[in-house]
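S.K.:
Numbering (this note's numbering), first residue to last: 596 to 827.
(1) So, under 8 Å CB-CB, residue 721 and residue 667 are touching, yes? Tell me the CB distance rounded to an integer number of Å.
(2) Pick helix, strand or coil for residue 789, following the three-state DSSP scheme.
(3) Considering only the beta carbon of each residue, do residue 664 and residue 711 sit closer than 9 Å?
(4) Does the distance from the C-beta atom of residue 680 to that of residue 637 stay below 9 Å?
(5) Measuring straight from C-alpha to C-alpha, what distance separates residue 653 and residue 746?
(6) Tell me the DSSP secondary structure of residue 822 in three-state form.
(7) Should the stretch 770-780 be regarded as contacting the stretch 745-762, the criterion being three or more beta carbon pairs within less than 8 Å?
(8) Return yes when the Cβ of residue 734 is within less than 9 Å of the Cβ of residue 821, no when it is not.
(9) Going by C-alpha distance, which of 818, 827, 825, 826 is nearest residue 675?
(10) If you draw a straight line from the alpha carbon of residue 701 to that of residue 630, how long is it in whole angstroms?
(11) For residue 686, which option in 677, 641, 658, 759 has the closest C-alpha, if you only look at C-alpha atoms?
(12) Quick check on the burial criterion: 16 or more other C-beta atoms within 10 angstroms. Buried or exposed for residue 755?
(13) Which residue's Cα is closest to the Cα of residue 789: 802, 730, 766?
What follows is the structure, encoded as structure tokens:
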């Protein structure tokens, strides 16, 4: 649940002079979020294992979890192993990624799987999912050991509060000729983070349009890099 308290200052005006009054107003606004999700579990759970969160793009919205397997880590898992938990929620058709509800889902999964290593939680997403990943990382920077946004729009708040994620190792990917999400979003946030981030890289594929994610997620290197990161 979300509770929002709004305080109003009311000004009264009369002809010839003015008076300033004050008042207060409180209201509770509740919005429910429902996510179906996939959760891959490692073969062995006798020791602590990392958790990778993947946020899909707008084309995989809905209530068919098979769509979520079409790109990203779950596509990689069709022919490869990952010694980690992999959580992939599905965004409802008429919704967009919302940071607080996603954070609560992550906490639920951690609580239900007590051998998840909370110092090795990784966040990635593509397109709309990269936008959601940026926002979630800035909302809860204490949660993540690494961030991998691919071809994502970046909101105004991350652009302004860039150093809030200075301690999160970050790998940004984008296609130079992306005609869906302008590559300049990734370039701009990279420049803003560069002054304070302790571990940051931007990769621009000069031959890629919007799909700059396939070559990233289909390469074992990105998973190996993420799983080496430990939250400081």
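The beta-carbon is built from N, C-alpha and C at its ideal position, and this holds for glycine as well.
Since the structure is predicted, the reported quantities are computational estimates derived from the model, not experimental observations.
M.R.: To lay it out plainly:
(1) 6 Å
(2) helix
(3) no
(4) yes
(5) 12 Å
(6) helix
(7) yes
(8) no
(9) 818
(10) 11 Å
(11) 658
(12) exposed
(13) 766
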